[in-house]
Amino acid sequence: GPARIQGPEEIVLTGGSAGFWVESNGVFGEISIEISCAGFEEKIRISVE
């Protein structure tokens, strides 16, 4: 989608949580983010307007 993730390619959980920044490239559209590890998968969609 119209963005890029800021930070490391792989993110380590600390205390059961993790975070990262998503930077828009200024183009309208939908950003799709997929997060997964053993036993867990989540898909997030963000609309850039």
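Numbering-wise (the working numbering), the sequence shown opens with residue 32 and increments by one. Even for Gly, the Cβ is constructed at its ideal location relative to N, Cα and C. Remember, it's a predicted structure, so these values are computed and weren't measured experimentally.
- Inter-residue spacing [alpha-carbon to alpha-carbon] between residue 72 and residue 66: 6 Å
- Who are the near neighbours of residue 64 in its chain, counting only those whose CB is closer than 6 Å to its CB and skipping five residues on each side? 75
- Item | Host beta strand (DSSP E) of residue 49 (start-end) | It is not in any beta strand (DSSP E) - residue 49 carries neither H nor E in the DSSP assignment.
- Query: Span of the beta strand (DSSP E) holding residue 16?
  - Reply: Not covered by the structure: residue 16. The range shown for the chain is 32 to 80.
- Helix, strand or coil at residue 20 according to DSSP, with G and I counted as helix: Nothing can be reported for residue 20, as the shown portion of the chain is limited to 32 through 80.
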